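Here the structure is laid out as structure tokens; the discussion comes afterwards.
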Amino acid sequence: MKNIIVSRPQPAVMLITLNRPKAFNALSKALLVEVATALKDAEGEDEVRAVVIAGNERAFSAGADIKEMPESDMPMWAEADRLKSWKTIEGFPKPVVAAVTGWALGGGCELTMLSDIVIAGENARFGTPEVNIAAFSGDGGTQRLPRAIGKTRAMLMALTGEPIDARTACDWGLAAEVAPTDRTVERALEIAAKIAEMSPLAAQMIKAEILMSYEKPLDESLSLERKLLLWQTEDHDEGIAAFVEKRKPEFKGR
Ligand code: HXC
Numbered sequence: 160m161k162n163i164i165v166s167r168p169q170p171a172v173m174l175i176t177l178n179r180p181k182a183f184n185a186l187s188k189a190l191l192v193e194v195a196t197a198l199k200d201a202e203g204e205d206e207v208r209a210v211v212i213a214g215n216e217r218a219f220s221a222g223a224d225i226k227e228m229p230e231s232d233m234p235m236w237a238e239a240d241r242l243k244s245w246k247t248i249e250g251f252p253k254p255v256v257a258a259v260t261g262w263a264l265g266g267g268c269e270l271t272m273l274s275d276i277v278i279a280g281e282n283a284r285f286g287t288p289e290v291n292i293a294a295f296s297g298d299g300g301t302q303r304l305p306r307a308i309g310k311t312r313a314m315l316m317a318l319t320g321e322p323i324d325a326r327t328a329c330d331w332g333l334a335a336e337v338a339p340t341d342r343t344v345e346r347a348l349e350i351a352a353k354i355a356e357m358s359p360l361a362a363q364m365i366k367a368e369i370l371m372s373y374e375k376p377l378d379e380s381l382s383l384e385r386k387l388l389l390w391q392t393e394d395h396d397e398g399i400a401a402f403v404e405k406r407k408p409e410f411k412g413r
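Numbering (this note's numbering), first residue to last: 160 to 413.
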């Protein structure tokens, strides 16, 4: 991998570090394909129970690679590999924690919205500046931003291109917590490790069910939630037994 670094700080947690520092981690097609490949690996490996995505202190990611955008011909965002990579990121079933320091702009901000939990470093700046280049957040941003922060705030960000700081992002619901800049990745890893202790089946079901609330009308998602309640897993039996026996559960993902 040339544009990301994949590591395993803990056996159950994969850390994907975006690594194009000179381009502020702009999301080139190659970088997106590498992220999607790493996520496919993480999905296939039972031992991986959560993923953390991070950038560097100056930039989580400055968004789509503007230098890859052609001046005419087919727009670069319609390219199959790019679209497939975003779909893979969107459909990744295990929990993802984003550790956001520095700029999270455009596609970078969209990547944070596809993550399940966002930890913002104090120096984080979230923005959708595409309007400055006569474009818009076309990788899901125009739809996910208002769902995350409401219409008027989404309009403010998208129509002016002005970024917001970490505290505002947290107040508005784009981030769950603000952490000291130099502890952001550590905090994200801590959360991922906590999730990795849980039953992976339960974690993935919770993720799928919460995301349903963005995708389906309430009556439909409520009845699906009720159906999913009928699940019976060895992990659930183990959770109940461990509670009764006053011991730590050992979840096996079955
Ligand atoms: C390509 C980028 C880039 C980007 C920064 N760089 N952002 N390259 N694509 N999105 C490169 C710069 O060209 C420069 O390289 C280096 O990173 C440092 O950037 P500077 O501008 O010199 O740094 P600074 O003045 O500190 O400003 C940082 C910045 C600014 C605020 C992040 O670079 C910026 O505004 N970038 C563009 C952000 C943006 O518009 N994102 C949305 C993209 S569109 P060199 O080689 O010159 O040193 C998008 C969705 C499109 O995401 C729609 C898809 C459907």
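Glycine included, each C-beta is placed from N, C-alpha and C at the ideal position. Just so it is clear, the structure is predicted and the values come from calculations on it, not from any experiment.
- At a Cβ-Cβ threshold of 8 angstroms, residue 253 and residue 195 do not count as neighbours.
- Contact annotation: residue 219 and residue 259 have beta-carbon atoms nearer than 8 angstroms.
- For the pair residue 329 and residue 257, the CB atoms are not nearer than the 8 angstroms cut-off.
- Taking the C-beta atoms as reference points, residue 307 is found nearer than 8 angstroms to residue 333.
- With respect to the C-alpha of residue 346, the residue from 199, 245, 281 having the closest C-alpha is 281.
- Scanning the segment 348-391 for uninterrupted alpha helix (DSSP H) segments of 4 residues or longer gives 359-374, 377-387, listed from N- to C-terminal end.
- Per the coordinates, the alpha-carbon of residue 352 lies some 18 angstroms from the alpha-carbon of residue 364.
- When DSSP reads this structure, residue 176 sits in a beta bridge with 164, 213.
- Of all C-beta pairs linking the segment 261-275 to the segment 285-300, three or more are shorter than 8 angstroms, placing the two stretches in contact.
- The continuous beta strand (DSSP E) containing residue 336 extends over residues 336-338.
- Taking 7 angstroms as the cut-off, the C-beta of residue 289 counts as close to a heavy atom of the ligand HXC.
- As the crow flies, the alpha-carbon of residue 177 is around 37 angstroms from that of residue 390.
- Bounds of any alpha helix (DSSP H) do not take in residue 342, whose DSSP letter is neither H nor E.
- Boundaries for residue 308: no beta strand (DSSP E) harbours it, while the alpha helix (DSSP H) harbouring it runs 300-308, taken from the DSSP string.
- Residues of the same chain with a CB within less than 7 angstroms of the CB of residue 305, apart from the 5 flanking positions on each side, are 313 in chain order.
- Distances between the C-beta of residue 304 and the heavy atoms of the ligand HXC are all 7 angstroms or more.
- Annotation: the continuous alpha helix (DSSP H) that includes residue 244 extends over 239-250.
- Following the DSSP letters along the chain, one finds residue 219 in no alpha helix (DSSP H) but inside the beta strand (DSSP E) bounded by residues 218-220.
- Here residue 173 is buried. Its C-beta has 16 or more other C-beta atoms within 10 Å.
- Under DSSP, residue 324 takes part in a beta bridge, and its partners are 284.
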